[in-house]
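So the structure is just underneath, and the comments pick up after that.
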Amino acid sequence: MRVITSPATSEEGLLNDIAGELKLLAEATPDPEHGATTMVVARPPLLDDFDDYNDMAGIVNDVIDDLGLRGVVQLATFHPRYLFAGESEVLSYTNRSPYATFHLLLEDEITQAVAAYPDIDKIWMRNQATVQRVGADAMQSLLHSCRQAASQGGGAEGGASSGGSAGSRH
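Position one of the sequence shown corresponds to residue 75 (this note's numbering), numbered consecutively onward.
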């Protein structure tokens, strides 16, 4: 897995970084060091607002189409304030992360994983059962601890990258 913290300070810069990562992912053969997935993390305060993030996710999906990568790359979305429409807040923790994150996955890898796992629905069902059992307060505390640790250790707020390159500067 390749994880980069985008140094972008604007949505345009972040979008350029994501487009670059999409191209790299689509052109690359998965290797043991980076795998077939890339996570692009936005540096706060960029996209701290969930509605802004959700709008950007729509634009990223448009870029996937524009690059001819629909069916090749799939976007999964994670945000500190992720909220599924019509669901309880605790269930939204399955898609919450310390920072706004765009997870780019090769669809071939998803297809292989689904084929290898006998009942794929059990994964999300288990995840939802776990967050319900743990509860919203404990999940929020865990997210807060992760964000604090990242800021002290040079994560997204500190500007360092976790397990990948820093990307281009915008």
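For glycine and all other residues, C-beta sits at the position ideal for the given N, C-alpha and C.
Rounding to the nearest angstrom, what Cα-Cα distance links residue i and residue j in this structure?
{"i": "L121", "j": "E86", "result": "12 Å"}
{"i": "L178", "j": "N90", "result": "14 Å"}
{"i": "D46", "j": "V77", "result": "The chain is shown only over 75 to 244; residue 46 falls outside these bounds and no answer can be derived."}
{"i": "G145", "j": "S219", "result": "36 Å"}
{"i": "A174", "j": "P119", "result": "9 Å"}
{"i": "A82", "j": "I92", "result": "10 Å"}
{"i": "A150", "j": "I184", "result": "11 Å"}
{"i": "L99", "j": "L180", "result": "8 Å"}
{"i": "R155", "j": "A189", "result": "32 Å"}
{"i": "G209", "j": "M75", "result": "29 Å"}
{"i": "S166", "j": "S80", "result": "24 Å"}
{"i": "N169", "j": "F176", "result": "11 Å"}
{"i": "Q245", "j": "V147", "result": "In this structure the chain extends from 75 to 244, so residue 245 is not present and cannot be described."}
{"i": "A110", "j": "D139", "result": "19 Å"}
{"i": "S84", "j": "L143", "result": "24 Å"}
{"i": "D211", "j": "Y127", "result": "23 Å"}
{"i": "Q222", "j": "H153", "result": "16 Å"}
{"i": "A187", "j": "A224", "result": "30 Å"}
{"i": "E161", "j": "R117", "result": "28 Å"}
{"i": "G241", "j": "K97", "result": "With a pLDDT of 43 at G241, under the threshold of 50, the predicted position of this residue should be treated as unreliable, though the coordinate-derived value follows. When rounded, the distance between both Cα atoms is 13 Å."}
{"i": "I194", "j": "Q226", "result": "37 Å"}
{"i": "L217", "j": "L141", "result": "34 Å"}
Taking all protein chains shown into account, do 16 or more other C-beta atoms lie within 10 angstroms of the C-beta of residue i, making it buried, or fewer, making it exposed?
{"i": "R243", "result": "The predicted model places R243 with a pLDDT of 31, which falls under 50 and marks its position as unreliable, so this point remains unresolved."}
{"i": "V115", "result": "buried"}
{"i": "S171", "result": "buried"}
{"i": "T204", "result": "exposed"}
{"i": "Y191", "result": "exposed"}
Can you round the beta-carbon distance between residue i and residue j to whole angstroms, since I take them to be within the 8 Å contact cut?
{"i": "L157", "j": "F124", "result": "6 Å"}
{"i": "E95", "j": "T112", "result": "5 Å"}
{"i": "M213", "j": "V164", "result": "7 Å"}
| said: Quick check on the DSSP output: what are the complete alpha helix (DSSP H) runs of length 4 or more inside the segment 118-156, in order along the chain? | reply: Runs of the alpha helix (DSSP H) inside the segment 118-156: 124-140.
| message | If contact is defined by three or more beta carbon pairs under 8 Å, each pair taking one atom from either stretch, is the segment 129-137 in contact with the segment 192-200? | response | no
| task | Mind listing, in chain order, the continuous alpha helix (DSSP H) runs of no fewer than 4 residues lying wholly within the segment 172-210? | result | 181-190 and 195-208
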